[in-house]
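Add 24 to a position in the sequence shown, counting from 1, and you land on the number used in our numbering.
Since the structure comes first, as structure tokens, the remarks are kept for the end.
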Amino acid sequence: MAEESSRCGECIRTGRSQCDGNNVANALSRCMSEQRKIEKEEREAEEEMEVLQVQLSTALGRLSRLRKQKRFLKDRGSELIRRGLQSLDELEAQDREVAEAEARVEQDLVSWGAGEVFDWSSLGVGSDFAELGPLSPSRGTAEGPAGNVGGS
Numbered sequence: 025m026a027e028e029s030s031r032c033g034e035c036i037r038t039g040r041s042q043c044d045g046n047n048v049a050n051a052l053s054r055c056m057s058e059q060r061k062i063e064k065e066e067r068e069a070e071e072e073m074e075v076l077q078v079q080l081s082t083a084l085g086r087l088s089r090l091r092k093q094k095r096f097l098k099d100r101g102s103e104l105i106r107r108g109l110q111s112l113d114e115l116e117a118q119d120r121e122v123a124e125a126e127a128r129v130e131q132d133l134v135s136w137g138a139g140e141v142f143d144w145s146s147l148g149v150g151s152d153f154a155e156l157g158p159l160s161p162s163r164g165t166a167e168g169p170a171g172n173v174g175g176s
């Protein structure tokens, strides 16, 4: 600014009459203010991005952990099913063995003359076996005491 004038040196040199040195200062002030505002918004955006990156990292870690747990549980379930089927096969085999053993005992008792109805108490096994009924369920029950061996 020239001391005698309110115009800046450039406007005096170029002959502009409309120059007001305050306009330049005001424009510079507005420019600097806008620059500070943008820098503040930039810092806020960076801080927000850092928060989002932390959240993303946390979410990715959680997702990874959940997927590992899911794979583990799926594998474990498959293993349990495999073992369960294996156990079921073993139980069925045991049931077959027991049924075969019962059939052999039944055949032996019948071959020894036990008849269709057997008095289990005569063997001293107590009343637990009283409800077993006929030796061979496929042949039905014999009526009367004639079929009892060692009976009353």
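Ideal Cβ positions, reconstructed from N, Cα and C, are used throughout, including at glycine.
*Looking only at its own chain, which residues have a Cβ that is under 6 Å from the Cβ of ALA125, when we skip the five neighbours before and after it?*
none
*Measure the alpha-carbon distance for ASP132 versus ALA123 and round it to whole angstroms.*
If you draw a straight line from the Cα of ASP132 to the Cα of ALA123, it is about 14 Å long.
*Apart from the five residues just before and just after GLY39, which ones in its own chain have a Cβ nearer than 6 Å to its Cβ?*
Taken in chain order, the list of residues that qualify is empty.
*Drop a sphere of 10 angstroms on the beta-carbon of CYS55, count the other beta-carbons inside from all chains shown, and report buried for 16 or more, exposed for fewer.*
exposed
*Would you tell me roughly how many angstroms separate the C-alpha atoms of SER41 and ALA51, rounded to the nearest one?*
18 Å
*asked:* If you reduce the DSSP assignment to three classes, tell me which class GLN118 lands in.
replied: helix
*asked:* If you reduce the DSSP assignment to three classes, tell me which class GLN42 lands in.
replied: coil
*In three-state DSSP terms, what is CYS178?*
Past the boundaries of the shown model lies residue 178; the chain is included only from 25 to 176, so the question cannot be answered.
*asked:* Suppose the cutoff is 8 Å on Cβ atoms and the five residues either side in sequence are ignored; what does the same chain contact list for SER88 look like?
replied: none
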